[in-house]
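Numbering (the working numbering), first residue to last: 543 to 982.
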């Protein structure tokens with residue numbers, strides 16, 4: 543898969559680092575993984591958030607083309623996993639952009655935020671207000687936990703990202719229930735980059751057919767942090783150190799990791815079978831994107847599984863494959879001898895632990911199949927260096943019947959210049975929903 547030079551250059555120019563404090567508290571990981579088993583079961587999850595969960599509106603602004611309402615509610619995460627959210631994230635905030643005049647229906651699309659997309663102005667300016675003008679469609683913009691009241695991304699620990707995902711699944715359910723109570727229809731969800739992942743996870747837990755439009759995201763976030771250009775922003779030095787000195791991660795936390803699918807780093811025979819051509823290709827990328835550090839280790843690894851599927855595999859075949867591979871997540875990892883051909887053992891350990899953690903909590907195959915996958919339109923960039931697709935299950939495999947659209951260029955170029963493609967996919971998914979479920 544070719545990658546965009548703009549993506550690589552843009553990442554090189556940014557100084558932001560991820561997970562600067564390390565993995566997070568081991569006890570938080572245990573609580574998150576136990577809770578993931580609940581939200582990974584749609585039947586159990588749909589009873590976690592009452593349909594009459596209280597939502598409050600506290601401000602309204604009138605503009606020439608729309609009304610902008612501000613609202614809030616207490617995150618259900620605070621009730622279900624008390625104390626795991628930071629204090630400032632307990633109150634979930636959102637902005638609701640509504641047309642001054644509705645057309646035949648009252649469609650609303652919930653937009654979840656991407657990495658670094660703080661507050662509401664980007665989504666409001668680039669997506670929500672154009673959607674009011676173009677389609678008479680309202681947008682609800684939910685603020686990410688950890689982004690509230692801060693100007694830069696505040697994911698200081700790996701565990702923060704996992705908590706954020708769980709919170710957004712529950713908070714999206716609150717908003718979908720509230721919008722239904724208020725008479726809005728049809729409802730859908732979208733997001734760009736990390737927002738696309740979070741919207742996808744949220745829809746897997748919604749018990750009704752719903753349009754889903756994930757943009758610039760894919761089937762798992764694990765490759766984003768281990769092989770994509772964003773892996774350069776990860777504080778691997780601190781992660782290595784903590785993993786090496788604290789045995790709890792391998793001896794206790796690893797036992798909670800259940801996803802061992804065909805695209806996992808745990809397939810040792812595939813992972814270590816890396817050709818010189820692949821290494822040379824990645825070395826060229828790394829030399830272009832280097833930030834002056836003495837080594838650039840982590841983007842060097844690729845899973846040696848052939849590229850993406852054509853999407854013809856059935857869900858049953860996928861579930862059988864995943865089921866056959868569900869065992870203790872570290873049983874089939876590379877030996878120390880094979881790992882040290884590339885880097886010190888503790889660094890290899892932290893890399894594969896990251897892969898296991900991210901697959902456990904973000905891999906779409908670990909969550910229920912959306913009620914109607916034909917309402918899903920995925921928009922991907924052909925040369926996306928942030929969201930590697932090589933060696934991971936495609937969304938067509940996991941969600942048979944979904945549509946994937948590709949646009950030319952990379953992640954950054956698509957975000958800056960091609961949001962009209964995202965909006966078109968939203969309109970098409972909503973139209974598809976109304977054609978199938980017009981007897982609402």
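By construction, the Cβ of each residue, glycine as well, lies at the ideal position given by its N, Cα and C atoms. Keep in mind that this is a model prediction, so the values were computed, not measured.
query                                                                                                                                                                                            : result
Between which residues of its own chain and residue 675 is the CB-CB distance below 8 Å, once the five residues before and five after are set aside?                                             : 607
Nearest-angstrom Cα distance between residue 555 and residue 953?                                                                                                                                : 15 Å
Rounded to whole angstroms, what's the CA-CA distance from residue 517 to residue 544? Just pull it up for me.                                                                                   : With the chain covering only 543 through 982, there is no way to say anything about residue 517.
Let me check understanding here. Comparing Cα to Cα, which of 945, 973, 922 lies closest to residue 960?                                                                                         : 922
Tell me which residue opens and which closes the beta strand (DSSP E) that residue 639 is part of.                                                                                               : 633 to 641
Could you tell me whether the Cβ atoms of residue 782 and residue 889 are closer together than 9 Å?                                                                                              : yes
Excluding five sequence neighbours on each side, which residues of the same chain lie with their C-beta closer than 7 Å to the C-beta of residue 586?                                            : 580
Could you tell me the boundaries of the beta strand (DSSP E) in which residue 612 lies?                                                                                                          : 608 to 616
Verify whether the separation of the beta carbon atoms of residue 595 and residue 716 is less than 9 Å.                                                                                          : yes
Taking 8 Å as the threshold, find out whether the region 698 to 712 comes into contact with the region 737 to 745 through three or more Cβ pairs.                                                : yes
If you reduce the DSSP assignment to three classes, tell me which class residue 594 lands in.                                                                                                    : coil
Give every residue of the same chain whose Cβ lies closer than 7 Å to the Cβ of residue 671, excluding the five residues on either side of it in the sequence, and list them in chain order.     : 607, 608, 639
Compute the Euclidean distance between the alpha carbons of residue 778 and residue 628, then round it to the nearest angstrom.                                                                  : 24 Å
With a floor of 4 residues, list each alpha helix (DSSP H) that falls wholly inside the region 731 to 794, ordered by position along the chain.                                                  : 736 to 746, 764 to 768, 778 to 787, 790 to 793
Just the C-alpha distance for residue 612 and residue 975, rounded to the nearest angstrom, thanks.                                                                                              : 28 Å
Three-state secondary structure (DSSP) at residue 599?                                                                                                                                           : strand
With DSSP as the reference, label residue 645 as helix, strand or coil.                                                                                                                          : coil
For residue 737 versus residue 653, is the C-beta spacing smaller than 9 Å?                                                                                                                      : yes
Rounded to the nearest angstrom, how far is the Cβ of residue 930 from that of residue 769, given a contact under 8 Å?                                                                           : 5 Å
Would residue 636 pass as a contact of residue 684 if the rule is Cβ separation under 9 Å?                                                                                                       : yes
Compare the C-alpha of residue 914 against each of 601, 760, 979 and name the closest.                                                                                                           : 979
Look at residue 565 and residue 699 and say whether their C-beta atoms are less than 9 Å apart.                                                                                                  : yes
Would you mind sorting residue 774 into buried or exposed? The rule is 16 or more other CB atoms within 10 Å of its CB.                                                                          : buried
Using the Cβ count rule (16 or more neighbours within 10 Å means buried), how would you classify residue 897?                                                                                    : buried
Within this structure, are the beta carbons of residue 733 and residue 649 separated by less than 9 Å?                                                                                           : no
Quick check: what's the CA-CA separation for residue 689 versus residue 661?                                                                                                                     : 7 Å
Identify, in the order they occur along the chain, each residue of the same chain with its Cβ nearer than 8 Å to the Cβ of residue 862, setting aside the five sequence neighbours on each side. : With a pLDDT of 46 at residue 862, under the threshold of 50, the predicted position of this residue should be treated as unreliable, and no value is reported.
Spatial neighbours of residue 562 within its chain, please: C-beta separation below 6 Å, excluding the five flanking residues on both sides.                                                     : 698, 777
Name the two residues that bound the continuous alpha helix (DSSP H) containing residue 963.                                                                                                     : 961 to 978
Could you tell me how far apart the beta carbons of residue 618 and residue 597 are, in whole angstroms, since I believe they sit closer than 8 Å?                                               : Not really, about 12 Å apart at Cβ, beyond 8 Å.
In its own chain, which residues sit with a C-beta less than 6 Å from the C-beta of residue 784, not counting the 5 before and 5 after it?                                                       : 564, 565
So, helix, strand or coil for residue 699, using DSSP?                                                                                                                                           : strand
Beta-carbon within less than 6 Å of residue 891's beta-carbon, same chain only, minus the 5 sequence neighbours each way: which residues are those?                                              : 785
In chain order, what residues of the same chain have a beta carbon less than 8 Å from the beta carbon of residue 573, not counting five sequence neighbours either side?                         : 623, 626
Helix or strand or just coil, what does DSSP make of residue 951?                                                                                                                                : coil
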